Every structure is written in structure tokens, then in C-alpha cells.
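Student:
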Amino acid sequence: MARKPTPKLPSEPAESREDSAVPEPRPEVEDFLRYITHERQLSPRTTRAYTDDLAEFVAFLGGYYGDPAWSWAGVDRLAIRSFMGDCVTRRGLAKRSVARKLSAVRSLFRFLHVEERIEANPARAVRSPRKERTLPGFLTREQMAAIFHAAEGRAMEGGFLPLRNLAMVELFYSAGLRLSELQGLNRSDLDLVSERVRVMGKGRKERIVPVGSMAISALRRYEPRRDEVLMNVERGDRRAVFITRAGRRISVRQVQKVVVGFLKQVAEGSNVSTHSLRHSFATHLLDNGADLLAVKELLGHASLSTTQIYTHTSKERLQRIYRQAHPRA
């Protein structure tokens, strides 16, 4: 059995220690990263986050034990908790960021345990910090109507970009998509006849979401212009729903620029993002009496607790129910 390393108390103040030194690559971490990339097929963004978080964890353990020969078998829950404490006290990270780093550490130790590289999983006994619950920003129905009015006004001339941008905003709000989900949509995912879209969500979890008639109409108007662009380029991406004038799949940054441009016209000074459309989608559904479980499925949430945060923004629904049901209202 591997010798359990002894923690080393730093002789210098914590503030003087830096994370800039790059630790030696750990083959176990590299094996884990290959596993989540090729077998679990996590997104490049998630893989990069895991890579960065685990590099920080490895660097911390080197200083914590003061021994470059420390082993994974000797890492205990106290070391993991100390890493979390270091993230909060010395680095000033938010609880949400610390919870994300703990998730990466847990996944690594789960992998090592399943692969029988360690006898016990110390991360199982470590609790996540309680996350701050923040109310998601959303737009009112009047603000959404103003956005669609502006997008429609530009699309009236029938140009490729205005029609594409109208279709993007309509589908974003109609289906409550995440930014990465909309950007990654393929034409085969859209069924304009059945008015549905197949979405590949987080963790490659697939869901089918209805699409409203206004979004379907915008997509039908955009599609001929999309086909024209693809006919006139040599190497266009014929799979992608939303493309550039060069026929390539639109990038995440380009989608953000288009959507935020519309949002700021009606919510100037507010902290708006592409996610505001998804928040608005959920809030407006709940305001109009949609079942919470149904909204959870539409959003592709793994847990109902994630969806429940939207109930705080749906006071209109409670007021309407009260007025309809209370005899003295």
C-alpha cells in the first residue's frame, strides 16, 4: 500500500505562494482527460475546464504535501477540503467556482476508483459548498415583442443576414435553447413539418423540443437564402442550420454578437446575455401556467432544483391564480 504523505505547513505566508509554477504532468490525470474526451465525449469547453481545474489541484497538492513523490492513494478528504479552503480564502473564488472545481476533483477520483488505481474514493465524503442562488435575468413579454419587431423590420428586405438573425432569435426564444445548442444545430435536427427540434444538450443528453409557429415561419423564410449561399461557395457546411456569408457554421461569438445587439436595444444598461432568452422562455412559460416538470424537460435540466429557481420570477402567475381562485379577490 502506498505511503500516506504528510502535509507540510508552509513556512512563508500564504499570500507569497503562487500557482504560476507548472506541476509535472500526472499520467493518471492525462488518462482521465482522454477518457472524458473520447469515451464520455464531453464538450471541448468542459474538457478545458476540467484540465485547468485539475492542474490547479495537482499544483496545490505539491505544495500541500511538500513532496513531489506524493501519490493519489495517499490523498485524503482533508487535502481536498484544504484545496477548497485555499480557493476561497487565498484566491477569493466564489462558491459556484469552488463547486465546479470540486466536481472535477470528484470525477477524477471516481475514475481512479473504478479503474482500481486507488482503494477508496476520498472525494465522496466531501460536500459541495452551498451555492449562492441568484435570480436569472429575463426580459418581459413587451421587451421580447420589441426585439422581434426590430428583427422583423430588418428582415423585411429579404437579405440573408437579417433573415438568418431573425430565425436565430425566434428559435432561441421559442425552444429555450442554450447558446451552444443553437450554434451546434444541424439541418437534420429540424423538423419544420412536425414543428420540432432535436437538441443535443449537456452530457450529450438528447431532447425533443416543440418549436412555435413564428419561429417555424422565420426558419422557412431563412432557408432559401441559406441554400443560395451554400450553392455559391465551394466548402460550405451543409449540415449547419445557421451559417455565415462564407457558408461556414456560425461561431458562438458571432451568435452572441447578434443576439446581444438585439437585447441591448430594449434592455440598455441591464446585464443581458444570450442566456436571457432562455431565462425569458422559462419564466414566461411558468407565468402562463406551465407545469414545472414540463419546463424542466423542455430546458433539459438534470435536476428539478435547477428549474425551481425560475419560480421566484413568476409572481404574475401567483397573482393571477389568487385573483381567479380567492372568493374575496
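The sequence shown stops at residue 348 when you use my numbering, and every number in between is there. Glycine is no exception: its CB is placed at the ideal position from the N, C-alpha and C atoms. Source: prediction; values computed, not measured.
Restricting to Cα atoms, I'd like to know which of Met233, Arg119, Gly104 and Ala139 is closest to Asp95.
Tutor: For the purposes of this step, residue 95 is taken as the residue at position 76 of the sequence shown. Of the candidates Met233, Arg119, Gly104 and Ala139, the one whose C-alpha sits nearest the C-alpha of Asp95 is Ala139.
Student: Within the same chain, show all residues whose beta-carbon is closer than 7 Å to that of Ala169, passing over the 5 residues directly before and after it, in chain order.
Tutor: For the purposes of this step, residue 169 is taken as the residue at position 150 of the sequence shown. Contacts found: Phe281 and Gln284.
Student: Taking just the CA atoms, how far does Gly177 sit from Asp72?
Tutor: On the sequence shown, residue 72 is found 53 positions in, with the first residue counted as 1. On the sequence shown, residue 177 is found 158 positions in, with the first residue counted as 1. Cα to Cα, Asp72 sits roughly 47 Å from Gly177.
Student: I'd like to know if the region 268 to 278 and the region 215 to 233 are in contact, where contact means that at least 3 CB-CB pairs between them fall below 8 Å.
Tutor: No, the region 268 to 278 is not in contact with the region 215 to 233.
Student: Spatial neighbours of Leu28 within its chain, please: C-beta separation below 7 Å, excluding the five flanking residues on both sides.
Tutor: As a first step, residue 28 is located in the sequence shown; it is residue number 9 there, counting from the start. With a pLDDT of 41 at Leu28, under the threshold of 50, the modelled position of that residue is not reliable, and the figure given next carries that caveat. Excluding residues within five positions, none has a Cβ falling inside 7 Å.
Student: Excluding five sequence neighbours on each side, which residues of the same chain lie with their C-beta closer than 8 Å to the C-beta of Val271?
Tutor: Here residue 271 is taken as the residue at index 252 of the sequence shown, counted from 1. For Val271, where only same-chain residues beyond five positions count, the Cβ hits under 8 Å are Leu198, Ser199 and Gln202.
Student: Check Pro229 in the structure and name its three-state DSSP category.
Tutor: Within the sequence shown, numbered from 1, the residue matching residue 229 stands at position 210. The answer is strand: DSSP assigns Pro229 an E or B state.
Student: Opposite Arg9 in the DSSP bridges: which residues?
Tutor: Residue 9 falls outside the range modelled here, since the chain spans only 20 to 348, and no answer is possible.
Student: Return the chain-ordered ranges of every alpha helix (DSSP H) run that is complete within the region 281 to 345 and spans a minimum of 4 residues.
Tutor: Listed in chain order, they are 294 to 306, 311 to 318, 323 to 327 and 334 to 344.
Student: Among Leu304, Gly231 and Met175, which has the Cα closest to the Cα of Ala327?
Tutor: Here residue 327 is taken as the residue at index 308 of the sequence shown, counted from 1. The sequence given here has Gln at residue 327, not Ala. Comparing Cα positions, the closest option is Leu304.
Student: Taking 6 Å as the limit between beta carbons, can you name the residues of its chain near Arg267, skipping five residues before and five after?
Tutor: To locate residue 267, count along the sequence shown from 1; it is residue 248. So the qualifying residues of the chain are Asp256.
Student: Starting from the Cα of Val128, find the closest Cα among Asp105, Arg109 and Ile99 and give me that residue.
Tutor: As a first step, residue 128 is located in the sequence shown; it is residue number 109 there, counting from the start. Checking the sequence shown, residue 128 turns out to be Phe, not Val. For the residues Asp105, Arg109 and Ile99, the minimum Cα distance to Phe128 belongs to Ile99.
Student: Are the beta-carbon atoms belonging to Tyr69 and Ala123 less than 8 Å from one another?
Tutor: Residue numbering aside, residue 69 sits at position 50 when the sequence shown is read from its first letter. Residue numbering aside, residue 123 sits at position 104 when the sequence shown is read from its first letter. Result yes, Cβ atoms of Tyr69 and Ala123 sit closer than 8 Å.
Student: What would DSSP say about Ala40, mapped onto helix, strand or coil?
Tutor: Here the question's residue 40 lines up with position 21 in the sequence shown. Unreliable placement is indicated for Ala40, whose pLDDT of 47 sits below 50; the coordinate value is still reported in the next sentence. Coil.
Student: Figure out for me which residue from Met103, Gly172 and Ile166 has the closest Cα to the Cα of Ser147.
Tutor: On the sequence shown, residue 147 is found 128 positions in, with the first residue counted as 1. Comparing Cα-Cα distances from Ser147 to each of Met103, Gly172 and Ile166, the minimum goes to Met103.
Student: Three Cβ pairs or more, each shorter than 8 Å: is that satisfied between the region 240 to 250 and the region 171 to 190?
Tutor: Yes: the two stretches touch, three or more of their Cβ pairs being nearer than 8 Å.
Student: Return the residue from the list Leu211, Ala286, Asn307 and Val291 that minimises the CA-CA distance to Val260.
Tutor: Position 241 of the sequence shown, counting from 1, holds the residue named residue 260. Ranking the options by Cα distance to Val260, first place goes to Leu211.
Student: Under the DSSP definition of a beta bridge, which residues are partnered with Ile262?
Tutor: Translated into the one-based positions of the sequence shown, residue 262 becomes position 243. The partner list for Ile262 (beta bridge, DSSP) reads Arg268.
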